[in-house]
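Presented below is the structure to which this report refers.
Residue numbers (the working numbering): 7 to 199.
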């Protein structure tokens, strides 16, 4: 992972935005010898991650329950073109495969195949987000999550921690002031107590 982030190409605007918010520490795995290798005061940002192993699901859940905060983008139908070929670990997953951890937290990510293609704008928790073939988040009974009527963003209290889950990743498809503002607002929401 560290090698991937050391690419000599131009830095993605989201990486710059994250660096402006605090120290960015890349992690190769969510399940180190001591669990997730981040302090509970950190914000973990996951954008369309590869499927997590059972150990990583356990480590992530344990870390969040212990007070960690995670901002997770899970897109059921990624629309962004990738510069990387299939099989390259830098290539994002075409579909989110995070059902085990989402289900454990009381969430389900659904996809409406009849929705119109093309970028649209949706407001969730006062944050205007670009979406394209987005997911819809549902909450099971007993979960400590809030999902607005747009079903795009879930705000979950998990133990002592918090998870903000966004059912689309089109935010990262281009760079403009609105996208930067939206990411900054999502970060602020995720780190708030």
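Note that CB positions come from ideal geometry on N, CA and C, so glycine has one too.
In this text the structure is predicted, and so the values were computed from the model without any measurement.
Within the DSSP bridge table, the entry for residue 144 names 114 as partners. In the DSSP assignment, residue 160 falls within the beta strand (DSSP E) that extends over 159-164. With a cutoff of 8 Å on beta-carbon distance, residue 164 and residue 195 are scored as not near each other. Considering only 73, 37, 58, the residue with the shortest C-alpha distance to residue 48 is 73. Here residue 153 has 143, 145, 160 as same chain residues with Cβ atoms under 6 Å from its own Cβ, once five neighbours each way along the sequence are excluded. By the Cβ-count criterion, residue 17 is exposed, with fewer than 16 other Cβ atoms from all chains shown falling within 10 Å of its own Cβ. Judged by their CB atoms, residue 189 and residue 23 are nearer to each other than the 8 Å cut-off.
Looking only at 82, 173, 58, the smallest Cα-Cα distance to residue 106 is reached by 58.
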